[in-house]
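To keep things clear, I will list the structure first and then write my remarks on it.
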Amino acid sequence: MHDTTAHRVTRWALRLIVIGYLLFLVIWPVALVAAKTFANGLAPVIDALRQPEVIFAFQLTLSAAFWAVVINTIFGVGISVLLVRYTFPGRRALNAMVDLPLSVSPVVVGLALVLVYNGRTGWLGQGLEQAGLQVIYAPPGIIMATAFVSLPLVIREVVPVLQEIGTEQEQAARSLGASGLQTFARITLPAIKWGLLYGVVLSLARSLGEFGAVKIVSGGVAMRTQTATLLVEERYQQFGIVNSITAYTAAFILALIAVVALIIITSLRPGRGTSE
Amino acid sequence: MWFSLLVLIPLTAVLVQASAGGWSAYWDALTSPQTLAALRLTVGQAVLVTAVNVIMGTAIAWVLVRDQFRGKQLLEVVIDIPFALPTIVAGLVLLSLYGPSSPLGVNWANTRVAVFLAFLFVTLPFIVRTVQPVLLELEHEVEEAAASLGANRLTTFRLVILPSLAPAITSGAALSFCRAISEYGSLVLLSGNLPYSTEVASVRIMSSIEGDKLTEAAAVASILLVVALIVIVVLDLISRRVARYA
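In the order they appear, the protein sequences are chains A and B. Here this note's numbering is used: position 18 in the first sequence is 18, and no number is missing along the way. Take any residue in the second sequence, count from 1 to its spot, add 1000: that is its number in this note's numbering.
Spelled out as structure tokens, the structure:
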């Protein structure tokens, strides 16, 4: 296509509009948070990170995210294999339902978990409480809420890869005498590893940042059930420069993790193409 | 099994709890003036934001696919930031440019503009990411054929490009609408959550839970749940139609 002047003008206009839009909506605001975090230099930031509440919140967030990701990896791969390799009644419904956690409000997720797992009136919560396991207002609830909201991320990455690789190699392995587990470990797993890794990074990023659902199920008590995102909220709403810097510091770290995860994902994308 | 323990049973519990007080209690919970105001604000802003996204999202996807310039890779990352950023941090981020100490000299915190901005921020990636792959696969030849037959650029866009993008734009719009009505985290710090003014549906649910009015909370939650289900079914139908024609 030849470049006419009018064409070039539209192109430049469009480019400027898009960059300007992103500048005002994303780039400038994000940069400002970074600037505000370090507005008084590095020392207050380091002091903020030394507070036991902050250390605890990040430890809790990390361990909850870790377990949620482990759970999601195992069940995500399981559900993906089920969806792609087997036909059963209700498969299409399950396929659609898998997306539900992504489109339903985190507040609804939290409410749903509280209704079922609370120790006083919950359907399953009463039994679990008697067995000595408190779910709501405790770490197990935080892990469940986190796993709930990030479950589809692994499945959505693994399903297309499974569909693409087909069943020929798996059938060959089976016909040569490999057991189901061997086939999975030697054939299926290596084939889906890039898709899986991508899903795991996505789901880790989402897990570290979950807020609404966790707020409801955890109660957000400092030093007991307060995660990093809940800490940001509490500190921002309190008065005083130390609290405000703590909120900005925690937010900055969460944002940093998110951006690093994004960069990893972007660099994994071409890697996925060449590995197959 | 795990899926039903984690996802299906709890979501069913919401519906059961919502119906616990019978129809009249359900209806009363939904039609209380404060809830109605919250639902109206949520849906209104979500529609508005989706409309902006349909235009800006398509434009951004177009620039990312068809334009070449330095720093385009950076824009790719920028598009995904709202998706990766924790929502509470998203609220803080917007507050720093549009809040009390804004370098722009505006203060939109605790107003409806803040709700609009928060929705706009968190839904940014959806249409861009659904339209982009379709645009990438679109063949230049069809456009060139249209151009050589005398169609100007606008006609080509309207009659050739837009119809092929329509399913992608629709699914992106559905996702973005769904995300907007369910948004909570970014509004906590930003919108002030003033009843009748800036309180959205999910914030309404949260305050009902904190007031221990679970049935009321579940009633509003059931509406959000049903909308989410409808969106999923619509997306499923669209993807099936596209698969059939492809």
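C-beta: ideal position from N, C-alpha, C; glycine also. Because the structure is a prediction, the values reported are computed rather than measured.
Distance between beta carbons of residue j and residue i, contact taken as under 8 angstroms
i               : j               : result
residue 304(A)  : residue 84(A)   : Because chain A here runs from 1 to 276, residue 304(A) falls outside it and cannot be looked at.
residue 1156(B) : residue 1143(B) : 6 angstroms
residue 225(A)  : residue 210(A)  : That belief does not hold up - the Cβ atoms of residue 225(A) and residue 210(A) are roughly 13 angstroms apart, past 8 angstroms.
residue 1081(B) : residue 81(A)   : No, residue 1081(B) and residue 81(A) are not in contact; Cβ-Cβ is about 33 angstroms, not under 8 angstroms.
residue 111(A)  : residue 1218(B) : 7 angstroms
residue 33(A)   : residue 248(A)  : 7 angstroms
residue 109(A)  : residue 1228(B) : No, residue 109(A) and residue 1228(B) are not in contact; Cβ-Cβ is about 11 angstroms, not under 8 angstroms.
residue 45(A)   : residue 212(A)  : Incorrect: roughly 27 angstroms between the Cβ atoms, too far for contact.
residue 22(A)   : residue 1075(B) : 6 angstroms
residue 1181(B) : residue 1042(B) : 5 angstroms
residue 1221(B) : residue 1014(B) : 5 angstroms
residue 265(A)  : residue 202(A)  : 7 angstroms
residue 328(A)  : residue 232(A)  : The question about residue 328(A) has no answer, for chain A in this structure spans 1 to 276.
residue 252(A)  : residue 37(A)   : 4 angstroms
residue 1236(B) : residue 96(A)   : 5 angstroms
residue 168(A)  : residue 188(A)  : 12 angstroms between Cβ atoms; not a contact.
Selection from the options that minimises the alpha carbon distance to residue i
i               : options                            : result
residue 5(A)    : 1153(B), 1181(B), 1033(B)          : 1153(B)
residue 1078(B) : 1026(B), 1129(B), 1138(B)          : 1129(B)
residue 1223(B) : 1070(B), 1027(B), 1056(B), 1135(B) : 1027(B)
residue 1040(B) : 1198(B), 1056(B), 1137(B), 1098(B) : 1198(B)
residue 1242(B) : 1207(B), 1165(B), 1150(B), 1029(B) : 1165(B)
residue 1116(B) : 1006(B), 1228(B), 1207(B), 1044(B) : 1044(B)
residue 75(A)   : 1089(B), 1004(B), 1220(B), 1210(B) : 1004(B)
residue 63(A)   : 17(A), 87(A), 151(A), 147(A)       : 147(A)
residue 1186(B) : 1122(B), 1150(B), 1042(B)          : 1122(B)
residue 193(A)  : 212(A), 165(A), 96(A), 256(A)      : 165(A)
residue 135(A)  : 24(A), 56(A), 115(A)               : 115(A)
residue 66(A)   : 9(A), 133(A), 13(A), 204(A)        : 204(A)
residue 1214(B) : 141(A), 121(A), 8(A), 231(A)       : 121(A)
residue 1234(B) : 1089(B), 1169(B), 1212(B)          : 1169(B)
residue 291(A)  : 257(A), 242(A), 258(A)             : Because residue 291(A) is not part of the residues shown, which for chain A are 1 to 276, the question remains open.
residue 1184(B) : 1206(B), 1008(B), 1175(B)          : 1206(B)
residue 1048(B) : 1032(B), 1120(B), 1030(B)          : 1120(B)
residue 1025(B) : 1216(B), 1058(B), 1073(B)          : 1216(B)
residue 215(A)  : 170(A), 143(A), 171(A)             : 143(A)
residue 1008(B) : 172(A), 174(A), 149(A), 49(A)      : 149(A)
residue 1083(B) : 1141(B), 1018(B), 1179(B)          : 1179(B)
residue 77(A)   : 35(A), 185(A), 260(A)              : 185(A)
residue 1194(B) : 1065(B), 1069(B), 1112(B), 1133(B) : 1112(B)
residue 1230(B) : 167(A), 26(A), 93(A), 260(A)       : 93(A)
residue 27(A)   : 1085(B), 1196(B), 1029(B), 1106(B) : 1085(B)
residue 1196(B) : 1019(B), 1032(B), 1023(B)          : 1032(B)
Whether residue i touches residue j by CB criterion (8 angstroms)
i               : j               : result
residue 246(A)  : residue 69(A)   : no
residue 1161(B) : residue 1053(B) : no
residue 1016(B) : residue 1061(B) : no
residue 217(A)  : residue 145(A)  : yes
residue 1011(B) : residue 1225(B) : yes
residue 262(A)  : residue 61(A)   : no
residue 18(A)   : residue 1063(B) : yes
residue 47(A)   : residue 1232(B) : no
residue 155(A)  : residue 79(A)   : yes
residue 1114(B) : residue 1100(B) : no
residue 1167(B) : residue 1238(B) : yes
residue 1177(B) : residue 1046(B) : yes
residue 137(A)  : residue 195(A)  : no
residue 57(A)   : residue 227(A)  : yes
residue 255(A)  : residue 1089(B) : yes
residue 152(A)  : residue 101(A)  : yes
residue 1067(B) : residue 11(A)   : yes
residue 1095(B) : residue 1104(B) : no
residue 197(A)  : residue 268(A)  : yes
residue 14(A)   : residue 1147(B) : no
residue 133(A)  : residue 139(A)  : no
residue 1204(B) : residue 1035(B) : yes
residue 127(A)  : residue 118(A)  : no
residue 1065(B) : residue 1136(B) : yes
residue 1211(B) : residue 1057(B) : no
Residue i Cβ short of 7 angstroms to the ligand COA heavy atom set
i              : result
residue 240(A) : As far as ligands go, the structure on display features none, and thus does not contain the ligand COA.
- Query: Which ranges does the alpha helix (DSSP H) cover as unbroken runs of at least 4 residues, wholly within the stretch 1060-1112 of chain B, from first to last along the chain?
  - Reply: Secondary structure remark: continuous alpha helix (DSSP H) runs of at least 4 residues inside the stretch 1060-1112 of chain B, in chain order: 1072-1084, 1087-1098.
- Message: I'd like the ranges of any alpha helix (DSSP H) spanning at least 4 consecutive residues and lying wholly in the stretch 20-51 of chain A.
- Response: 28-37, 42-50
- Hey, which unbroken runs of the alpha helix (DSSP H) at 4 residues or more fall wholly within the stretch 1201-1230 of chain B? 1201-1210
- Message: Quick check for students: name the residue ranges of the alpha helix (DSSP H) that lie wholly in the stretch 95-178 of chain A, counting only runs of 4 or more.
- Response: 100-103, 106-117, 125-130, 139-165, 168-175
- Query: Where are the alpha helix (DSSP H) runs, 4 residues long or more, that stay fully inside the stretch 207-250 of chain A, in chain order?
  - Reply: Counting only runs that start and end inside the stretch 207-250 of chain A, the alpha helix (DSSP H) elements of at least 4 residues fall at 212-218, 228-237.
- Enumerated in chain order, which unbroken segments of the alpha helix (DSSP H) with a length of 4 residues or greater are wholly contained in the stretch 1117-1159 of chain B? 1140-1148, 1153-1156
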